[in-house]
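In full-length UniProt numbering, the protein residues as written are 1 to 166. Virtual Cβ for every residue (Gly too), placed ideally from N, Cα, C. Quick caveat: nothing in here was measured; it's all calculated off a predicted structure.
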């Protein structure tokens, strides 16, 4: 019986991971003009908040970023750099929020970490697209912050009825 429960749990984790990754991809690719480049408002970044509830979401969102960046005008470089940046910032958010009980504080940690980590994308665009680093950092961080604040409100409301830690 224990093995069957483990199989159901594993199947559920795979399904949830796949659904979140797919939702991230669709939300990114649906509005490409806002999702790539030195001025962006990638609404799919709202999913980043899920990482402070369960580490399985780190895998899901990182996979979603990798797939979504297939359509990036910066190609394989964005697939690698964007994916690694996501893995790093979500992992930092997860570990910083791991023992925090207050949901608003968890979401604030995620917002701050993810916004600050946009320096990685600014550096990528500085080298690949020859954009000015500080202006690019300001714009990508601002876009990230806006997406995360909107996302925090939505995730907070969802977390009131759905246990995101399961």
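Return the CA-CA distance between residue 72 and residue 155, expressed in angstroms with no decimal places.
Residue 72 and residue 155: Cα-Cα distance of roughly 26 Å.
DSSP three-state call for residue 49: helix, strand or coil?
Three-state result, residue 49: helix.
Tell me which residues share the same chain as residue 68 and place their Cβ nearer than 8 Å to its Cβ, disregarding the 5 neighbours each side in the sequence.
If we look at residue 68 and ignore the five residues flanking it on each side, its Cβ neighbours are 24, 25, 28, 29, 35, 44.
Rounded Cβ spacing between residue 38 and residue 125 (contact assumed at less than 8 Å)
With 8 Å as the limit, residue 38 and residue 125 qualify as a contact, their Cβ atoms being about 5 Å apart.
Determine the contact status of residue 164 and residue 115, defining contact as a CB-CB distance below 8 Å.
The Cβ atoms of residue 164 and residue 115 do not sit closer than 8 Å to each other.
Do three or more CB pairs link the region 80-89 to the region 133-151 at distances below 8 Å?
Too few Cβ pairs lie closer than 8 Å, so no.
I want to know whether the region 48-58 touches the region 96-112 - three or more CB-CB distances under 8 Å.
Contact holds between the region 48-58 and the region 96-112, because three or more Cβ pairs, one in each stretch, are under 8 Å apart.
Segment limits, alpha helix (DSSP H) that includes residue 120:
Looking at the DSSP string, the run of the alpha helix (DSSP H) that includes residue 120 is 119-128.
Using the Cβ count rule (16 or more neighbours within 10 Å means buried), how would you classify residue 131?
With 16 or more neighbouring CB atoms inside 10 Å of its own CB, residue 131 falls in the buried class.
Out of curiosity, what's the CA-to-CA distance linking residue 99 and residue 93?
The straight-line gap from Cα to Cα measures roughly 11 Å.
Considering only C-alpha positions, which residue in the set 157, 58, 123 is nearest to residue 95?
It is 58 whose Cα lies nearest to the Cα of residue 95.
May I have the straight-line CA-CA distance separating residue 123 from residue 143, to the nearest angstrom?
Between the alpha carbons of residue 123 and residue 143 lies a gap of roughly 16 Å.
Terminal residues of the alpha helix (DSSP H) in which residue 85 lies
Counting along the chain, the alpha helix (DSSP H) containing residue 85 begins and ends at 75-97.
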